[in-house]
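Note that the numbering used here gives residue 116 to position 112 of the sequence shown, counting from 1, and the numbers run on in steps of one.
I have placed the structure first, in the form of structure tokens, so that the comments after it can refer back to it.
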Amino acid sequence: PEDTNGQDTNGQDTNVVDNGTVIDVTEPPTCPANQDIANLLTQTEGTVDVMICGAVVTKVTEKGWYIADDSTEHGMYIYEGTNPDWGYEVAVGDYITMHVTTYGNYQNSQQITGKDTVTVIGSGDAAQYTIDLSAGTLPDESMESRVVKIDAVKVTSANGKARSHTSTQPCASPSPSRYTSAAFINAT
């Protein structure tokens, strides 16, 4: 394949899907209407039949991964459990499609617990889906499961316990569903 975006140093595109289609890494893929996180959030928890297309992986953990898209500030956690072999690999920045079969709530956090056909359809910049709280924006339920960023913050209490902590290092981590927690402070 030739270099169609002018950004590859070897003169060839490095973002080629198996079928040979070149994916533009600057924009999410074009997907049918209602195949997004906002549509999933309208469903009753339990067994569902929802396609998600074009969501970007924002963080990968030992037991699952997080996604976000442009349809809502709300992100979503995909729980994989303790089995380290998921049968596929995702990385931060991957655009994915998947068929969601089970959606629920665990410890006050909504998550996908059943799915099939997870496919990586491109690669992009997950940083554009980070919510910057540095200006004093308080996280709330609408930001659940989103990666948030805080620069130069001073915490004066955590869960009602008076203490002071000042961080000058940037941090980014998925926001907790119980936003009174300061769990994301100094996380990497």
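Think of the CB as a built atom: it goes at the ideal place given N, C-alpha and C, for glycine as much as any other residue.
| Item | Value |
| --- | --- |
| Tell me the DSSP secondary structure of Asn87 in three-state form. | coil |
| What does DSSP give as the partner residues of Ser127 in its beta bridges? | Asp98 |
| Going along the chain, which residues of its own chain have a beta-carbon closer than 6 angstroms to the beta-carbon of Pro33, five neighbours each way excluded? | Gly58, Tyr99, Ile125 and Gly126 |
| For Gln114, write down the residues that DSSP places opposite it in a beta bridge. | Asn109 |
| Starting from Ala72, trace the alpha helix (DSSP H) both ways and give me its first and last residue. | That residue, Ala72, is in no alpha helix (DSSP H); its beta strand (DSSP E) goes Gly68 to Ala72. |
| Within the same chain, show all residues whose beta-carbon is closer than 8 angstroms to that of Gly108, passing over the 5 residues directly before and after it, in chain order. | Glu49, Gly50, Gln114, Gln115 and Thr117 |
| In the region 34–71, which residue ranges form an unbroken beta strand (DSSP E) of at least 3 residues, counting only runs that do not cross its ends? | 50–64 |
| Mind checking who His78 pairs with in its DSSP beta bridge? | His78 is not bridged to any residue. |
| Could you tell me which of Ser75, Asp120 and Asn43 sits nearest to Ile82, measuring between CA atoms? | Asp120 |
| Using only CA atoms, which one of Leu142, Asn112, Met55 and Tyr70 lies nearest to Tyr133? | Tyr70 |
| Could you tell me the distance, in whole angstroms, from the CA atom of Gly91 to the CA atom of Glu84? | 10 angstroms |
| What distance in whole Å lies between the Cβ atoms of Ser146 and Glu77, which are believed to be in contact at a cut-off of 8 angstroms? | 5 angstroms |
| Can the beta-carbon of Val94 be found closer than 7 angstroms to that of Val61? | yes |
| By the 10 Å Cβ neighbour count, where 16 or more other Cβ atoms means buried, how is Gly140 classified, buried or exposed? | exposed |
| Taking only beta-carbon atoms, is Val52 less than 7 angstroms away from chain B? | No chain B appears in the structure shown, which is made up of a single protein chain. |
| Which same chain residues end up closer than 6 angstroms to Thr123 when comparing Cβ atoms and leaving out the 5 residues on each side of it in sequence? | Thr101 |
| According to DSSP, what are the bridge partners of Val122? | In DSSP, Val122 forms no bridge with anything. |
| Whose C-beta lies closer than 8 angstroms to the C-beta of Tyr183 among residues of the same chain, with five residues either side of it excluded? | Only weak support is given to the placement of Tyr183: the predicted model assigns it a pLDDT of 36, under 50, and the value that follows is read from those uncertain coordinates. Leu142, Pro143, Asp144, Glu145 and Met147. |
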